[in-house]
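Residue numbers for the sequence shown follow the numbering used here, so the first one is 1 and each next one is one higher.
We put the CB at the ideal spot given by N, CA and C, even for glycine.
For clarity, every value in this text was computed on a predicted model and none was experimentally measured.
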Amino acid sequence: MKPIAKKLRFLPFALVGIAAFAFNSNPDMHPYLQISIALLEAKLGILVVYLLSKKISKTVR
1 MKPIAKKLRF
11 LPFALVGIAA
21 FAFNSNPDMH
31 PYLQISIALL
41 EAKLGILVVY
51 LLSKKISKTV
61 R
């Protein structure tokens with residue numbers, strides 16, 4: 001694995017984590033809405049991490 005690929009390997013996880021925290025950090029939001037948003041973010045986060053990881057590995061090759 002090339003050095004740049006090693007550095008970019010955790011980028012998708014960091015981006016999804018930052019986005020999930022930003023969407024759920026509003027204290028005025030109803031708890032049930034926060035829970036449903038967190039579940040949707042988890043599903044979408046897995047997909048986004050997979051797609052970004054695949055794209056990063058293709059550009060490095």
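query: Distance between LYS7 and ALA42 (C-alpha atoms, nearest Å); result: 24 angstroms
query: Straight-line gap, GLN34 to LYS55 (C-alpha atoms, nearest Å); result: 30 angstroms
query: Buried versus exposed, by CB contacts within 10 Å (16 or more), PRO12; result: buried
query: Residue range of the unbroken alpha helix (DSSP H) whose run includes PRO12; result: 11-24
query: Alpha carbon of LEU15 to alpha carbon of SER36, nearest angstrom; result: 20 angstroms
query: Whole-angstrom C-beta distance between ASN24 and ALA38, which should lie under 8 angstroms; result: 6 angstroms
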